[in-house]
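In this note's numbering, the protein residues as written are 935 to 1277.
Shown next, in the form of structure tokens:
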């Protein structure tokens, strides 16, 4: 597939990024500096206002705090690479978090088996999404939005209105995978790092990844090339849901309880992380490296605002403003990338 074809097909996936800004090849546009400057300014603000921010403990908090979001964002990266979206990642997440407790409390199975079964249950959400999208030809937005609403209702009914499901007698080994440390780094972060490497390998170094990219760039061309689009979309959505369910399992292990609808807290940030990461890519494509960097950025912002001790509502407002600025900055970066390639 030629470079020109790639340019033409990437644009529709991120249409808002691709308007011609009038920049030309050979210049160093200010747009490329906007996001790094925003990150640097935020770091300086946190360092000045919070004396303890620039420390090893803060770095560990940033890494640990972003671990669960990292998994959800990686899952979203897989789906967006197909040219779709998944608004039901929270349902997969919550099913994993919920059923790992249900299985251990009611069956007595070892926690690794319970965790795998919970991930399998969570992956059913991806299978349902794939059937709606690949077989029934419903748009990813509408299909996953519908599954999202069904998932919310299912959780409320199953927990008698949304009450917590506590599990304070969970095995110590299971609790350690959520709250423990290895070499001073939170165990969840190590698991997220391993998953990131596996997803990177799958998307960058395998036939699966190449065909997912072809589908994401232009599905009609992929069909004409003989690629079984429905099969690869199904695999992508199921894989995405399994990763989200793993995130839910780890959060339950950390908190020793399941709180319904918790997964929704990660959905917007996951989508934002994929968008930011894609904008930083030379071809404006979803990619694991960009997603990981964006998650660390969002986790840094969250940790810094927490350390500042701001009122909760004020903190939410400031975080939202920073997210808007970040998205605006990387949108400009994507424009300059496309124009620099002759668009």
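For glycine and all other residues, C-beta sits at the position ideal for the given N, C-alpha and C.
query, result
"Helix, strand or coil at residue 1019 according to DSSP, with G and I counted as helix", "coil"
"Residue 961 (DSSP reduced to helix, strand or coil)", "For residue 961, the pLDDT reaches just 46, beneath the cut-off of 50, and the residue's location in the model is therefore unreliable, leaving the point undetermined."
"Uninterrupted alpha helix (DSSP H) stretches inside the stretch 977-1045 (no shorter than 4 residues)", "990-999, 1001-1014 and 1023-1041"
"Whole alpha helix (DSSP H) elements within the stretch 1147-1227, 4-residue minimum", "1153-1158, 1163-1189 and 1198-1214"
"Proximal residues to residue 1148 (C-beta, below 8 Å), its chain only, five neighbours per side dropped", "935, 1155, 1156, 1159 and 1161"
"Distance between residue 1058 and residue 1065 (C-alpha atoms, nearest Å)", "11 Å"
"Unbroken alpha helix (DSSP H) run spanning residue 1092, endpoints", "1074-1092"
"Buried or exposed by the 16-neighbour rule on C-beta atoms within 10 Å, applied to residue 1206", "buried"
"Extent of the continuous alpha helix (DSSP H) run through residue 1125", "1121-1138"
"Cut-off 7 Å between Cβ atoms - residues of its own chain near residue 1164, not counting five sequence neighbours on either side", "1068 and 1069"
"Test: residue 1154 CB closer than 7 Å to a CB of chain C", "The structure shown contains no chain C, having only a single protein chain."
"Range covered by the alpha helix (DSSP H) that runs through residue 894", "The requested residue 894 does not occur in the structure, where the chain is confined to residues 935 to 1277."
"Cβ-based burial, residue 920 [other Cβ within 10 Å; buried from 16]", "An answer regarding residue 920 cannot be provided, because it is not within the stretch 935 to 1277 covered by the chain."
"Residue 1024 beta carbon less than 7 Å from that of residue 1201", "yes"
"Reference residue 1262; option with closest CA among 1145, 1214 and 1071", "1214"
"Cβ pair residue 1185, residue 1002 closer than 7 Å", "yes"
"Length of the line joining the Cα atoms of residue 1189 and residue 1152", "42 Å"
"For residue 955, three-class secondary structure by DSSP", "Confidence at residue 955 is low in this model, with a pLDDT of 36, below 50, so the placement of that residue should be treated as unreliable; the coordinate-derived value is given next. Three-state DSSP puts residue 955 in coil, outside helix and strand."
"The stretch 1032-1047 contacting the stretch 968-985, beta-carbon criterion three pairs below 8 Å", "no"
"Counterpart residues of residue 1099 in DSSP-defined beta bridges", "1192"
"Whether residue 1225 touches residue 1078 by CB criterion (7 Å)", "no"
"The stretch 1046-1053 / the stretch 1019-1037 touching (three or more Cβ pairs under 8 Å)", "yes"
"Contact belief for residue 1252 with residue 1239 at Cβ below 8 Å, rounded distance in angstroms", "6 Å"
"Rounded separation between residue 1259 and residue 1074 - CA only", "27 Å"
"Rounded straight-line distance, which links the Cα of residue 979 to that of residue 1264", "20 Å"
"C-beta atoms of residue 1007 and residue 1204 nearer than 7 Å", "yes"
"Status (buried if at least 16 other CB within 10 Å, exposed otherwise) for residue 1094", "exposed"
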